[in-house]
Each structure stands twice: as structure tokens, then as C-alpha cells.
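K.L.:
Dropping the structure in here first, questions after.
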Amino acid sequence: MESLKKRVTEFSLEAHELYLNQSVPYLEESPDPLQFYRDWIGPNKPCIIRNALSHWPALSRWTPDYLREKVGSKVISVAVTPNGFADAVNGDRFVMPEERRMSFSSVLDILEGKQQGGGVFYVQKQCSNLLDELPELTDDLQPHVSWMSAALGKLPDAVNFWLGEARAVTSMHKDHYENLYCVVSGEKNFILLPPTDRPFIPYGTYQPAVYRQRDDGEFEVVDQTGSEKVPWIPLDPLDPDLDRYPEYRRARPLRCSVKAGEMLYLPSLWFHHVQQSHGCIAGKPGHLNAPHVQTLERPNAPHRAPEHTTRTHARAPERTTRTHARAPERTTRTHARAPERTTRTHARAPERTTRTHARAPEHHAYTR
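In terms of the UniProt record's numbering, the sequence shown is numbered consecutively and its last residue is 368.
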């Protein structure tokens with residue numbers, strides 16, 4: 001066993017030394033599809049593309065007043081939690097948000113502080129909620145990123161819109177999709193870990209539960225009886241308990257901020273934790289963060305064959321289907337479920353079976 005641990009550690013160190021960057025690189029403009037596949041999707045490396053969204057009308061149009069006029073009366077799905085931590089470990093439970101149906105205007109009123117909601121509200125549903133719930137906004141952006149669609153040989157499988165406040169946090173997890181996060185306004189702060197750091201990241205299995213707000217305004221945790229336990233990461237990378245999880249000392253996280261007009265390519269199986277900035281589009285710092293769009297695309301080729309597991313609301317660790325939309329910083333994400341590559345010379349995440357090509361991104365459009 002000790003020999004195996006030693007080899008796995010060497011594998012991770014080798015990956016960092018041979019082909020992983022010490023920071024997330026920037027591209028100054030949208031790339032050529034073939035070049036992007038060769039340099040980023042195939043090697044499974046993240047990057048940030050500047051000036052990728054300069055042609056999107058959403059960058060200048062998406063103010064609270066504009067959104068109220070355009071989609072204010074639309075009823076959408078909203079996640080509500082007491083503390084901003086949806087789909088996260090709370091004690092010995094994996095707790096998902098309470099899901100409500102509300103008008104878009106009501107959500108904006110709460111995020112701007114015009115109305116008291118009690119709790120943290122986050123538009124984060126991921127089953128292509130932009131196209132299903134807010135199709136009126138698609139004229140303001142690009143429903144698919146043309147060069148990514150060309151690289152993958154298909155259009156996005158989902159386009160998601162995320163909108164929320166600064167307290168909304170996405171706990172550490174990984175996806176079996178290629179992601180493009182497109183930030184329309186504000187800023188999103190990411191902590192990223194490559195799949196090769198998986199041996200250093202703790203997992204546990206937890207009883208699934210959901211938050212429910214009582215009539216007195218307090219939240220309670222209600223078990224989902226009859227549901228299977230959920231594997232999830234209990235560690236908070238912002239304040240890791242190294243006494244409890246000493247192996248995490250060996251992990252080498254990357255940190256990056258994605259600003260308005262920028263796009264993050266997040267490869268499949270990369271672990272990530274996300275926080276909103278205090279930037280706002282409503283004039284009240286710390287309240288309303290800009291939405292972002294996420295696009296997810298699944299490849300046609302027999303590339304990486306992702307292990308999907310299905311989730312209900314919460315991102316259930318190894319499960320691949322999601323429904324959330326991420327908040328404020330409007331971004332668009334392009335997820336593509338990358339195929340599990342067969343054989344790689346360089347360290348590729350333990351969870352992937354060897355792949356020849358990379359699991360192509362399923363474009364998601366998020367506003368996380």
C-alpha cells in the first residue's frame with residue numbers, strides 16, 4: 001500500500017513538472033478550433049480567454065432595469081440556502097438547496113436588497129435553464145461558442161444562466177464535462193486542482209438532505225429518506241483542516257479570477273471551488289453579482305467516456321448531470337463531457353480511463 005501511495009504521489013508531481021502550468025495561462029483572443037483542441041482540450045489544461053465576449057450585447061445591456069423589462073415576469077427556478085452553501089457537506093449530511101419558483105423581478109429585488117428574502121438566493125439550475133426558462137436573453141449573447149463547437153464537432157448540449165450574490169459559494173467538486181465559463185459582469189474566483197491531485201483530496205459519503213425554510217424564517221435540514229449516500233468532498237480549500245486531512249498538503253491548487261468579458265476553459269475532471277466577487281451591477285457592492293453563462297457540449301467522437309452519475313439538485317460528486325445555474329457573474333460556460341482518454345503518457349487523473357482524445361466539452365451557458 002505504501003508503495004502504491006508513493007507511486008501515486010510521484011505521478012502527480014510528474015504531471016505538474018511535465019505539462020501542468022504553475023498558473024492558469026491567458027489567451028489574448030479566441031483560438032483556432034484545431035489549435036485549441038491540440039493545446040488545451042487534448043492535454044486537459046485550463047486557460048482563460050480574454051476579449052472572448054467583446055461582441056456580446058449582454059456586456060452592456062444586462063443591467064437590473066434591462067433584465068426586469070426583458071424577463072421580469074418570467075417564473076424561474078431559484079436555489080435558497082441559509083448561508084450560501086448549496087450542494088455542500090454540513091456535518092454528517094450532504095445538503096442541497098431548497099428550490100423555489102419565483103419571478104425574475106422578485107429575485108432581483110432580493111439580490112438588490114429591495115426586499116427581504118431570508119437566506120441566500122441563487123439562480124443556478126443547470127439543465128440548459130437559459131434556453132428553457134429565459135430564451136428571451138439569447139439574442140444578447142452567443143448561445144454557442146463557435147470555435148469550441150467546431151473543435152468538438154457539435155453544438156452545446158446545455159446553456160446555463162447563473163445569477164446570485166457574493167455569499168453564494170460553490171463547494172469543491174469536479175465535473176465530467178468540458179466547461180466554458182463566460183463572465184458578463186463582476187468577477188468569479190476559482191481554486192482549481194488537476195485530476196492528478198485526486199489522491200490528496202478527501203472524500204466521504206453522506207446522507208443526502210435538503211434545506212427547508214420554516215414559517216418562522218429559520219432553516220431546517222430534512223433528510224431525503226430512501227436515497228443513496230452521496231460521495232462528496234468535505235474539505236474547504238479556503239481554510240483546509242490539515243490536521244484532519246494531512247494528505248491535502250501535497251495538493252497544488254491553482255487560483256485564478258475571471259473578470260467580465262473573459263472566458264475560463266475548465267477541462268473535465270478538474271476539481272474546482274468558486275466564489276463570487278464583490279463586484280455588482282446594481283450599485284450596491286456585495287449584493288448583486290453579474291450573471292454568467294455556461295455552455296456544455298458533448299463530443300461525437302468516442303473520446304473520453306465520462307462516468308456520469310446522475311444528480312438530482314446537488315452536484316453529486318462523481319455524477320454527471322446537473323441542473324444548477326451559477327450566479328452573478330454572468331458567464332457562459334461551455335461544458336462538454338470529455339471522453340475518458342485511453343492511454344496517456346502524462347499523468348491524467350485517476351478517475352479517467354485512458355483516452356486517446358479528450359472528452360469534448362458540453363457547452364453550458366451559465367451566469368456561476
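Just so you know, even glycine gets a beta-carbon here, dropped at the ideal spot from N, CA and C.
#1: Going by beta-carbon coordinates alone, are MET96 and VAL258 separated by less than 8 Å?
#2: Note down, in chain order, each residue of its chain lying with its Cβ closer than 7 Å to the Cβ of SER30, except the 5 sequence neighbours on either side.
#3: Any contact between the stretch 209-224 and the stretch 238-250? By contact I mean 3 or more CB pairs, one from each, below 8 Å.
#4: Determine the direct distance from the alpha carbon of VAL274 to that of PHE190, and round the result to whole angstroms.
#5: Among the residues of its own chain, which have a CB less than 7 Å from the CB of PRO33, if the five just before and after it don't count?
#6: Given 8 Å as the limit, is there contact between the stretch 54-66 and the stretch 85-92, that is, 3 or more CB pairs closer than that?
#7: In the DSSP assignment, find the unbroken beta strand (DSSP E) run with TYR122 in it and report its ends.
#8: Here's the rule: buried if 16 or more other CB atoms are within 10 angstroms of the residue's CB, otherwise exposed. What is ARG93?
#9: For HIS272, name the three-state secondary structure that DSSP assigns.
#10: Just checking, does the stretch 112-123 make contact with the stretch 201-208 on the three C-beta pairs under 8 Å criterion?
#11: Which first and last residues belong to the alpha helix (DSSP H) in which GLU17 is found?
#12: Excluding the 5 residues preceding and the 5 following GLY72 in the sequence, name in chain order all residues of the same chain whose CB lies nearer than 8 Å to its CB.
#13: For the beta strand (DSSP E) that contains VAL222, what are its first and last residues?
#14: Would you kindly check if the distance between the Cβ of TYR248 and the Cβ of CYS47 is under 8 Å?
#15: Within the stretch 84-145, note down every full beta strand (DSSP E) run reaching 3 residues or more, in order along the chain.
#16: Quick one: is GLU220 buried, meaning 16 or more other Cβ sit within 10 Å of its Cβ, or exposed?
#17: At what residues does the alpha helix (DSSP H) containing GLU187 begin and finish?
#18: Keeping to the same chain, check which residues put their C-beta closer than 6 Å to that of LEU193; ignore five residues upstream and five downstream.
#19: Tell me LYS174's beta-bridge partners as DSSP assigns them.
#20: Which partner residues does TYR211 have in the DSSP bridge list?
#21: Helix, strand or coil: how does DSSP classify PRO231 here?
#22: Are there 16 or more other CB atoms within 10 angstroms of the CB of HIS55, so buried, or fewer, so exposed?
#23: Give the straight-line distance between the Cα atoms of MET1 and LEU13, rounded to the nearest whole angstrom.
#24: Would you check if the distance between the CB atom of LEU269 and the CB atom of LYS174 is smaller than 8 Å?
#25: At which residues does the alpha helix (DSSP H) containing SER60 begin and terminate?
#26: Who pairs with GLY204 in a beta bridge, going by DSSP?
#27: From what residue to what residue does the beta strand (DSSP E) around ARG255 run?
#28: Secondary structure at ALA168, three-state DSSP: helix, strand or coil?
#29: What separation, rounded to the nearest whole angstrom, lies between the Cα atoms of ARG322 and GLU17?
#30: Tell me whether the beta-carbon of ALA15 lies closer than 8 Å to the beta-carbon of GLY84.
#31: Quick check on ASP223: buried or exposed, where buried means 16 or more other Cβ atoms within 10 Å of its Cβ?
#32: DSSP three-state call for ALA52: helix, strand or coil?
P.N.:
Taking the structure as given:
#1: no
#2: ILE49, ALA52, TRP147
#3: no
#4: 5 Å
#5: TRP147, ALA150, ALA151
#6: no
#7: 120-123
#8: buried
#9: strand
#10: no
#11: 2-18
#12: SER103, PHE104, SER105, LEU108
#13: 219-223
#14: no
#15: 88-90, 93-96, 98-103, 120-123
#16: exposed
#17: It is not in any alpha helix (DSSP H) - GLU187 instead sits in the beta strand (DSSP E) that spans 187-193.
#18: ALA251, PRO253, PHE271
#19: PHE271
#20: VAL221
#21: strand
#22: exposed
#23: 19 Å
#24: yes
#25: 58-61
#26: TRP232
#27: 254-259
#28: coil
#29: Summary for ARG322: the model assigns pLDDT 38, below 50, so the residue's position carries little reliability; its value from the coordinates is reported in the next sentence. Those two C-alpha atoms are separated by around 33 Å.
#30: no
#31: exposed
#32: coil
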